[in-house]
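Asks:
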Amino acid sequence: MLSIENSIELAAPPWRVWAALTKLDAYARWHPYVTAAGTPEVGRDVDYSMRSRILRRPITAPATVTCLSEPEAFAWRVGVGGLLRFDESFHIEASEHGATLRHVMECRGVLTRVIPGLDRRLRDFVGGADQALDRHLRGAASPPPRQGNRSKRRADLSRARNAPSGNSTGKDR
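Position 171 of the sequence shown, counted from 1, bears residue number 171 in full-length UniProt numbering, the numbering being contiguous throughout.
1) With a cut-off of 8 angstroms, do at least 3 Cβ pairs link the stretch 110-117 to the stretch 18-32?
2) Would LEU68 and LEU111 be called neighbours here (beta carbons separated by less than 7 angstroms)?
3) Out of SER95, GLY81, ILE92, PHE90, which has the shortest C-alpha to C-alpha gap to GLY109?
4) Does ARG102 come out as helix, strand or coil in the three-state DSSP assignment?
5) List the DSSP bridge partners of VAL65.
6) Compute the distance between the beta-carbons of ALA99 and VAL17, then report whether it is under 7 angstroms.
7) Return the CA-CA distance between ALA20 and ARG138, expressed in angstroms with no decimal places.
8) With C-beta atoms as the reference, is THR66 less than 7 angstroms away from ALA75?
9) Can you tell me whether DSSP reads ARG135 as helix, strand or coil?
10) Check ALA94 in the structure and name its three-state DSSP category.
11) Using the rule of at least 16 other Cβ atoms within 10 Å of the residue's Cβ for burial, across every protein chain shown, is GLY166 buried or exposed?
12) Helix, strand or coil for VAL39, going by three-state DSSP, please let me know.
Rendered as structure tokens:
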């Protein structure tokens, strides 16, 4: 098993953090890697899709809600057969300036031993998600996620460099 844990101080009260984490339909607006849909209920499945830098297509699988304790904890489990399973949990505590979020991601399955750099990638996933949640709660826009296709990014960058600059009328403003 591989376990990654991150804690972050958020400038929002626990109830706002809880609302952001459990309003699954809003994940696409702030989470850099995950989109989700449905109403969380313990033991029920919700729709879950995770973008990855190493895969061209998102991993889409049902996520089973394993903990729902308002406004203190939320957890779900996502698995791809017996190959890979993620248990992700969020623990929220009131703090002096808002809330402390402890975000834990545990990974199990045979692929945990063969995917190179999985621990670093999960650490980036957890840290990136926590920073995006912080920006979301502060009202700042989250940057779009990086796409996994390096050649497409290079082609887009090349097109941007070669695009004509200035305004289309040719007049200075």
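In this text, a Cβ means the ideal position worked out from N, Cα and C, and glycines have one as well.
Replies: Per the coordinate set shown:
1) Not touching, per the Cβ criterion.
2) For LEU68 and LEU111, no; Cβs fall outside 7 angstroms.
3) Nearest C-alpha to GLY109 among SER95, GLY81, ILE92, PHE90: GLY81.
4) In the structure shown, ARG102 sits in a strand (DSSP, three-state: E or B).
5) According to the DSSP secondary-structure assignment, VAL65 is paired through a beta bridge with TRP76.
6) Yes, these two residues count as a Cβ contact at 7 angstroms.
7) Computed Cα separation, rounded: 12 angstroms.
8) A distance below 7 angstroms separates the beta carbons of THR66 and ALA75.
9) ARG135 carries a helical assignment under DSSP once its states are collapsed to helix, strand and coil.
10) Residue state, collapsed to three classes: strand.
11) Annotation note: pLDDT 49 at GLY166 (below 50); position unreliable, no value reported.
12) Val is not the amino acid found at residue 39; the sequence shown has Thr there. In the structure shown, THR39 sits in coil (DSSP, three-state: anything other than H, G, I, E or B).
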